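Visitor: Basically our numbering = 1-based index in the sequence shown + 2.
Virtual Cβ for every residue (Gly too), placed ideally from N, Cα, C.
The structure displayed is predicted, hence computed values, not measured ones.
Please see the structure below; I have some questions.
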Amino acid sequence: HGYTLSEPTTLVVWEAQFGDFANGAQVIIDQFITTGERKWSKASGLTMLLPHGYEGQGPEHSSARLERFLQLCAKENIQVMNCTTPANYFHALRRQIHRGFRKPLIIMTPKSLLRNKRCVSNIEDFTKKNSFHRVLQDHAELKEYGLVKLKKDKEIKKVVLCSGKVYFDLLEAREKVKNNQVFFIRIEQLYPFPVKTLAKDLKRFKKNAKFYWCQEEPQNMGAWNTARNYIEWTLDHIRAENKKVDYIGREPAASPATGYLKKHLAQQKEIIEKVLS
Numbered sequence: 003h004g005y006t007l008s009e010p011t012t013l014v015v016w017e018a019q020f021g022d023f024a025n026g027a028q029v030i031i032d033q034f035i036t037t038g039e040r041k042w043s044k045a046s047g048l049t050m051l052l053p054h055g056y057e058g059q060g061p062e063h064s065s066a067r068l069e070r071f072l073q074l075c076a077k078e079n080i081q082v083m084n085c086t087t088p089a090n091y092f093h094a095l096r097r098q099i100h101r102g103f104r105k106p107l108i109i110m111t112p113k114s115l116l117r118n119k120r121c122v123s124n125i126e127d128f129t130k131k132n133s134f135h136r137v138l139q140d141h142a143e144l145k146e147y148g149l150v151k152l153k154k155d156k157e158i159k160k161v162v163l164c165s166g167k168v169y170f171d172l173l174e175a176r177e178k179v180k181n182n183q184v185f186f187i188r189i190e191q192l193y194p195f196p197v198k199t200l201a202k203d204l205k206r207f208k209k210n211a212k213f214y215w216c217q218e219e220p221q222n223m224g225a226w227n228t229a230r231n232y233i234e235w236t237l238d239h240i241r242a243e244n245k246k247v248d249y250i251g252r253e254p255a256a257s258p259a260t261g262y263l264k265k266h267l268a269q270q271k272e273i274i275e276k277v278l279s
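Listed below in structure tokens is the structure:
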């Protein structure tokens, strides 16, 4: 953190082996990283990479405690992201240096996406003609991916908003059952929350669709308690017929994740079934 104050033009990155281990740095996060600008007018561009994703590796290797970072968000003090494409990740880092101001950047980085064949970007996506996208649409919108052909906007029954790795789990499951009435929207930047961009994207479905937030984390964790308020405000703003967003995910829990692979897979299956039912 101190290095970012003395060298503001340098991209300084701190990566945890697993995001769970960031709890050992909680004092620094609370006292300096998220509050330093407000306390002392000292702007830091520190980037934190925190591996975060429910992949069956147990309670100490699943959660970077996303909910804690979102709870610390106010007055645009930090940025919190969960990127799902290499290009968006690249542009997030590039933007961190090329902006005319500095803000700490917290990125959730699921390890399994390093090997996911759908988590790819074309070389053109990395050029200057492109930039960071706060919200990304369903892969099925683009013919090049050869996915299920979705129904027209007015015939879409469910719009499922999510963030991070769970999107690819849902995408694969939808392909297997060929469900063409469920539309996915990815929130790449969780804070500052992109309400303007989201409003444009949700207008397409404001007449008939029901809206859901899907996450891997237990209900008392993850982005749910933060995202819900922003999404419902957005639905009210666009005068959607259904102004409520419902939750799909794990039940509230004391531990971030189960230590039993069999139970983890059962929970994941239940989430997918609820989304596609």
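Starting from the Cα of G1, find the closest Cα among E177, S279, Y262 and give me that residue.
Guide: Since the displayed the chain opens at 3 and closes at 279, residue 1 lies outside it and no answer follows.
Visitor: What does the alpha-carbon distance come out to for the pair R176 and R230?
Guide: On the sequence shown, residue 176 is found 174 positions in, with the first residue counted as 1. On the sequence shown, residue 230 is found 228 positions in, with the first residue counted as 1. One C-alpha to the other measures close to 24 Å.
Visitor: Do you know how far the Cα of W215 is from the Cα of D248?
Guide: Translated into the one-based positions of the sequence shown, residue 248 becomes position 246. Translated into the one-based positions of the sequence shown, residue 215 becomes position 213. Answer to the nearest angstrom: the Cα atoms are 6 Å apart.
Visitor: On the criterion of 16 or more Cβ atoms from any shown chain inside 10 Å, does R101 qualify as buried, or is it exposed?
Guide: If you number the sequence shown from 1, residue 101 lands on position 99. Exposed.
Visitor: Does the distance from the CB of E157 to the CB of Q183 come in under 8 Å?
Guide: Looking up residue 157 in the sequence shown gives position 155. Looking up residue 183 in the sequence shown gives position 181. For E157 and Q183, yes; Cβs fall inside 8 Å.
Visitor: Less than 6 Å between C-beta atoms, sequence neighbours within five positions excluded: which residues of the same chain meet that for T6?
Guide: Residue 6 sits at position 4 when you count from the first residue of the sequence shown. Hits under 6 Å: V14, S46, G47, L48.
Visitor: May I ask you to list the residues that DSSP assigns as paired with A23?
Guide: Start at 1 with the first residue of the sequence shown, and residue 23 comes out as number 21. First, the amino acid is wrong: residue 23 is Phe here, not Ala. Answer is none; F23 lacks a bridge partner.
Visitor: According to DSSP, P220 sits in a beta bridge with which residue or residues?
Guide: Counting from one through the sequence shown, the residue named residue 220 turns up at place 218. Partner(s): R252.
Visitor: Throw me the rounded Cβ distance for the E219 and R188 pair, which I believe falls under 8 Å.
Guide: Reading the sequence shown from its first residue, position 217 is the one you call residue 219. Reading the sequence shown from its first residue, position 186 is the one you call residue 188. No, E219 and R188 are not in contact; Cβ-Cβ is about 16 Å, not under 8 Å.
Visitor: I think G21 touches N84, with their Cβ atoms under 8 Å apart; what is that distance to the nearest whole Å?
Guide: Walking along the sequence shown from the start, residue 21 turns up at place 19. Walking along the sequence shown from the start, residue 84 turns up at place 82. Not really, about 11 Å apart at Cβ, beyond 8 Å.
Visitor: Pick helix, strand or coil for R96, following the three-state DSSP scheme.
Guide: Walking along the sequence shown from the start, residue 96 turns up at place 94. DSSP places R96 in helix when its eight states are reduced to three.
Visitor: What residues in its chain sit with their C-beta under 6 Å from that of S64, if we drop five residues either side in the sequence?
Guide: Walking along the sequence shown from the start, residue 64 turns up at place 62. Around S64: Y56, P258, A259.
Visitor: State the Cα-Cα distance for the pair R136 and F195, rounded to the nearest angstrom.
Guide: Indexing the sequence shown from 1 puts residue 136 at position 134. Indexing the sequence shown from 1 puts residue 195 at position 193. If I take the Cα positions, the gap works out to 8 Å.
Visitor: Does the beta-carbon of D238 have 16 or more other beta-carbons within 10 angstroms, so that it is buried, or is it exposed?
Guide: Counting from one through the sequence shown, the residue named residue 238 turns up at place 236. D238 comes out exposed.
Visitor: Straight-line CA distance for K41 to I35?
Guide: The residue labelled residue 41 in the question sits at position 39 within the sequence shown. The residue labelled residue 35 in the question sits at position 33 within the sequence shown. Roughly 11 Å separates the two Cα atoms.
Visitor: Taking Q81 as the reference, give the member of A89, F71, Y169, N90 with the closest Cα.
Guide: Mapped onto the sequence shown, residue 81 falls at position 79. Closest by alpha carbon: F71.
Visitor: Using 8 Å as the threshold, is the region 115-122 in touch with the region 193-213, meaning 3 or more CB pairs across them?
Guide: Result no; under three Cβ-Cβ pairs closer than 8 Å.
Visitor: I'd like to confirm the pairing. Which residues does DSSP put opposite E143 in its beta bridges?
Guide: By 1-based counting over the sequence shown, the position of residue 143 is 141. Beta-bridge pairing links E143 to no other residue.
Visitor: Can you find a heavy atom of the ligand MN that lies under 7 Å from the Cβ of A225?
Guide: The model depicted lacks the ligand MN and carries no ligand whatsoever.
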